[in-house]
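Residues in the sequence shown are numbered consecutively from 275, following the numbering used here.
Below: the structure, in structure tokens.
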Amino acid sequence: MKNQKIMLLSVVVFIVFMSCSKGKDDHAAVKGKGDDCSDVHWSHHPGEDGPENWAGLCSGFSDCGGTAQSPIDIKVAEVKADQQLAAPEFSYGSSQVAIVNNGHTVQFNVSGDHSVVLDGKTYRLLQFHYHAASEHTIDGKQYPLEVHFVHKHSDDDFAVLGVFFEEGDEYPLFTNYLDSFPKSEGEHKSSDLIELADLFPANKSYYNYKGSLTTPPCSEVVNWYVLHTPVTASAQQLKRFAEILDNNFRPVLPLNGRTVRSFTE
275 MKNQKIMLLS VVVFIVFMSC SKGKDDHAAV KGKGDDCSDV HWSHHPGEDG PENWAGLCSG
335 FSDCGGTAQS PIDIKVAEVK ADQQLAAPEF SYGSSQVAIV NNGHTVQFNV SGDHSVVLDG
395 KTYRLLQFHY HAASEHTIDG KQYPLEVHFV HKHSDDDFAV LGVFFEEGDE YPLFTNYLDS
455 FPKSEGEHKS SDLIELADLF PANKSYYNYK GSLTTPPCSE VVNWYVLHTP VTASAQQLKR
515 FAEILDNNFR PVLPLNGRTV RSFTE
């Protein structure tokens, strides 16, 4: 009887966790200006609903035509070294995640309280997701994959940490879950406990600039921290991810006078 109660409790906890995760789209924590655009179809591919036309698809997507958009091409020679910047202070633990195919990416919704301190403010981790190929570029170089760790301080203040991938040793998270990623939109799967801090490179040097979400509603509420050092994944892992994500990256946008700062450990 005791074992049955424990099993029942575990099932209830899992159902609650998954149901909470279903409400989280890529950037559902941010509402765009104007109309509710939740039913408006948009795509990463060129065409009527592609990135070049996002701003006109719905009034709530108007920021997609703004002047502080992301991603950008980071020109290293023009980056400003800033001694006032500091290393990110992570308070990450282990987390079970709900792996979600939301139609635009494979997203990992985290459970528990995980945060990072950046520029003196605490940002809570909401989720992380992937883009193939990378959205940001460095001196015009595009990496095969980029992961975005989305953190929230307030409704108009988000911090996204971007990490590039390059070919090399296998990425442990992919080794464990790549073959079981949800293939259909709306499909969810759960993971075992993941050590979130292990998903980052040892060197936390970064580029920093003010920008936007890279998908609609493209709200200009993001402090970007793009890490200098890539992590690695095997050629087979990168190939498989490219097949799953199908070029789900937004092309780079003009800097329009914004400053890109750099912190080096």
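Even for Gly, the Cβ is constructed at its ideal location relative to N, Cα and C.
* Asked: What beta strand (DSSP E) runs, 3 residues minimum, are completely inside the stretch 468-503?
  -> You should have 480-485, 496-501.
* Asked: Less than 8 Å separating the beta-carbons of residue 440 and residue 345?
  -> Not in contact: residue 440 and residue 345 (Cβ atoms no closer than 8 Å).
* Using CA coordinates, which residue listed in 430, 416, 450, 431 is at the minimum distance from residue 437? -> When the alpha-carbon of residue 437 is set against those of 430, 416, 450, 431, the nearest one is in 416.
* Asked: Among the residues of its own chain, which have a CB less than 6 Å from the CB of residue 501, if the five just before and after it don't count?
  -> Cβ within range, chain order: 437, 480.
* Asked: Can you tell which of 336, 367, 514 has its C-alpha closest to the C-alpha of residue 405?
  -> That would be 514, whose Cα lies nearest to the Cα of residue 405.
* Neighbourhood of residue 454 by C-beta, 7 Å cutoff - its chain only, sequence neighbours within 5 removed -> Result list for residue 454: 463, in chain order.
* Is residue 372 buried or exposed, if buried means 16 or more other CB atoms sit within 10 Å of its CB? -> It is buried - the Cβ of residue 372 has at least 16 other Cβ atoms within 10 Å.
* When burial is assigned at 16 or more other CB atoms within 10 Å of the CB, is residue 362 buried or exposed? -> Around the beta-carbon of residue 362, 16 or more other beta-carbon atoms lie within 10 Å, marking it buried.
* **Boundaries (first-last residue) of the alpha helix (DSSP H) holding residue 515** => Membership of residue 515 in the alpha helix (DSSP H) is indicated by the continuous run 509-519.
* Near residue 474, what residues of its chain come up, given a Cβ to Cβ distance below 7 Å and the 5 sequence neighbours on each side ignored? -> Listed in chain order, the non-local C-beta contacts of residue 474 below 7 Å within the same chain comprise 437, local neighbours out to five positions each way being set aside.
* Asked: Helix, strand or coil for residue 374 per DSSP?
  -> Looking at residue 374 - three-state DSSP - the assignment turns out to be strand.
* Measure from the alpha carbon of residue 403 to the alpha carbon of each residue in 368, 528, 434, then state which is nearest. => Residue 434 holds the alpha-carbon nearest to the alpha-carbon of residue 403 among 368, 528, 434.
* Counting only the same chain and skipping the five closest in sequence on each side, list residues whose C-beta sits under 7 Å from that of residue 328. => The answer, listed in chain order, is 316, 335, 338, 490, 492.
* Please go through the stretch 443-467 and give each complete alpha helix (DSSP H) segment of 4 or more residues, from N-terminal end onward. => If we require 4 residues or more, the alpha helix (DSSP H) runs fully inside the stretch 443-467 come out as 446-451.
* Alpha carbon to alpha carbon, how far is residue 456 from residue 375? -> Looking at the two C-alpha atoms, the distance is approximately 6 Å.
* N- and C-terminal bounds of the beta strand (DSSP E) containing residue 330 -> That residue, residue 330, is in no beta strand (DSSP E); its alpha helix (DSSP H) goes 328-331.
* Asked: Going by Cα to Cα distance, which pick from 367, 364, 347, 506 is closest to residue 541?
  -> Because the chain spans 275 through 539 in this model, residue 541 falls outside it and cannot be assessed.
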